[in-house]
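Residue numbers (our numbering): 148 to 579. Beta carbons are placed, not taken as given, at the ideal position from N, Cα and C, and that holds for glycine. If you're wondering where the values come from, they're calculated on a predicted model, not measured in any experiment.
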Ligand SMILES: *Cc1c(COP(=O)(O)O)cnc(C)c1O
């Protein structure tokens with residue numbers, strides 16, 4: 148399989164280059180060159196498998212020819228020792244919980260599969276690969292957990308001092324070994340600037356093999372298509388299934404489109420956003436107008452210029468009408484989100500954090516066709532991660548899951564640095 152750039156179909160890269168470089172040379176995003184659909188019988192058979200089996204089959208198709216089937220299977224087994232959990236709420240409505248990974252967030256799916264691929268490329272070439280990540284919270288934790296103890300790979304994580312939650316900080320700093328946390332006396336933008344500078348430092352790059360674990364990496368997109376199949380299988384392979392997806396950078400819903408192109412009988416797809424409604428506005432007006440991002444209570448979706456819009460456009464031949472036939476999108480502000488959280492709790496006894504509540508709000512707008520075409524909304528974070536909003540909205544406190552209780556007891560291991568490039572560069576060079 149080759150991967151092509153969304154900006155130029157003729158610019159192609161093999162898997163290793165697409166994964167290690169992240170972005171195409173022309174600034175575009177990578178997509179698999181061919182997506183050969185499974186037959187419906189194959190889809191049903193695959194979807195009834197374990198999550199690891201689904202991963203092996205779906206990645207086997209999307210990465211075919213790039214890696215041995217056996218290698219892909221081993222990666223799926225190592226990456227996913229956990230499953231997504233489907234919780235039925237009514238005859239035709241269910242929530243698919245994607246937060247049962249080690250950091251209790253759906254970013255675990257992408258980060259762990261990426262770690263497997265990068266680890267494979269490091270081993271194959273017998274070299275050390277250094278992953279650089281600037282994080283404002285969740286992504287960094289998933290990356291740290293995903294790459295922890297991956298041979299041949301070390302991770303440098305930069306986060307802004309005092310600007311991540313105590314829980315997030317623990318997730319970034321308590322690993323040690325091949326995970327190196329840098330607590331930067333500055334902002335998230337300072338962290339990003341340091342990472343950017345390192346990537347453009349030719350002398351440094353002659354010494355170290357650098358890669359990013361950026362959310363636009365094709366290796367993070369591929370595994371996100373697995374849980375669409377797994378929801379379908381858990382529902383007993385009905386005649387169709389519709390999904391509502393809480394969206395920020397629109398990677399998650401793009402993976403839903405990949406699943407559909409692979410033959411999954413997806414009836415409708417709807418993306419829910421918060422006030423950062425660039426995509427709903429785009430679908431309505433046909434003109435793409437990115438905006439500054441605004442702070443909301445569903446802050447993992449505070450994105451004013453979603454990077455995957457390029458993939459969405461390219462997958463639909465650049466036609467807004469085709470895109471409109473493929474997905475719809477709706478926005479909810481913070482007050483509406485809180486109403487949705489209350490409604491979920493009062494009607495179904497289901498405790499949801501704000502991103503999940505937005506997905507529920509979007510699911511209510513899907514056509515109701517009964518249990519032959521159930522509606523599934525994706526839950527992207529464990530309620531504990533947004534316990535303050537839940538406390539404020541529902542007047543309930545979320546019990547701390549056992550995994551986190553352990554985490555909170557661990558020591559913080561971080562190197563505190565000023566946002567000066569020379570300091571960071573020295574630190575990188577002297578990493579063990
Ligand atoms: C990242 C994230 C999202 C948004 O996913 P995209 O793929 O960027 O659309 C939604 N919810 C949570 C909790 C997230 O961390």
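Residue side-chain check: residue 527 places its Cβ nearer than 6 angstroms to a non-hydrogen atom of ligand 1.
Nearest to residue 519 by alpha-carbon distance, out of 542, 345, 240, is 240. Per the C-alpha coordinates, the member of 462, 415, 480 positioned closest to residue 445 is 480. With a beta-carbon spacing of about 6 angstroms, residue 409 and residue 182 fall inside the 8 angstroms limit used to define contacts. Distance from the Cα of residue 197 is smallest, within the candidate group 291, 188, 232, 536, for 232. The beta carbon of residue 263 is closer than 7 angstroms to those of 222, 225, 226 in its chain, skipping five residues each way along the sequence. With a threshold of 6 angstroms, the Cβ atom of residue 222 does not count as near ligand 1, since no heavy atom of the ligand is closer than that. The three-state secondary structure of residue 300, taken from DSSP, is strand. Residue 364 sits buried, since 16 or more C-beta atoms from the chains shown fall within 10 Å of its C-beta.
For residue 244, the secondary structure class from DSSP, reduced to helix, strand or coil, is strand. Note on residue 316: 16 or more other CB atoms within 10 angstroms of its CB, so buried under the neighbour-count rule. For the stretch 265 to 289, the full-length beta strand (DSSP E) segments reaching 3 residues or more read 276 to 281 along the chain.
Segment contact: the stretch 273 to 280 against the stretch 296 to 306, three or more CB-CB distances shorter than 8 angstroms; contact assigned. Pairing residue 258 with residue 202 gives a Cβ-Cβ distance that is not under 7 angstroms. In this structure, the beta-carbon distance from residue 319 to residue 287 falls below 7 angstroms. Within 6 angstroms of the C-beta of residue 291 there is not a single heavy atom belonging to ligand 1. Under DSSP, residue 562 shares a beta bridge with 329. Annotation for residue 522: the continuous beta strand (DSSP E) segment containing it runs 522 to 526. Residue 155: member of the beta strand (DSSP E) spanning 155 to 161, first to last residue.
When DSSP states are grouped into helix, strand and coil, residue 308 belongs to the coil group.
The straight-line gap separating the alpha-carbon atoms of residue 200 and residue 374 is approximately 11 angstroms. Taking a contact to require three or more Cβ pairs closer than 8 angstroms, the stretch 481 to 500 and the stretch 447 to 463 do not qualify as touching. Classified as buried, residue 208 has 16 or more neighbouring CB atoms from the shown chains inside 10 Å of its CB.
Within the DSSP secondary-structure output, residue 477 pairs in a beta bridge with 419.
Beta-carbon to beta-carbon, residue 229 and residue 247 are separated by about 5 angstroms, close enough to satisfy the 8 angstroms threshold. Under the three-state reduction of DSSP, residue 178 is assigned to strand.
Three or more Cβ pairs closer than 8 angstroms define a contact, and the stretch 502 to 511 meets that threshold against the stretch 384 to 392. A direct Cα-Cα distance of roughly 10 angstroms separates residue 558 from residue 323. Here residue 158 has 151, 152, 171, 172, 173, 175 as same chain residues with Cβ atoms under 8 angstroms from its own Cβ, once five neighbours each way along the sequence are excluded.
With contacts defined as CB atoms closer than 7 angstroms, residue 467 and residue 517 fail to qualify as a contacting pair. According to the DSSP secondary-structure assignment, residue 393 is paired through a beta bridge with 419.
With fewer than 16 neighbouring CB atoms inside 10 Å of its own CB, residue 494 falls in the exposed class. Partner residues in a beta bridge of residue 488, as assigned by DSSP, do not exist. For residue 530, there is no enclosing alpha helix (DSSP H), as DSSP marks it with neither H nor E. Collapsing the DSSP output to three states places residue 234 in a strand. When the beta-carbon positions are compared, residue 414 and residue 455 stay at least 7 angstroms from each other.
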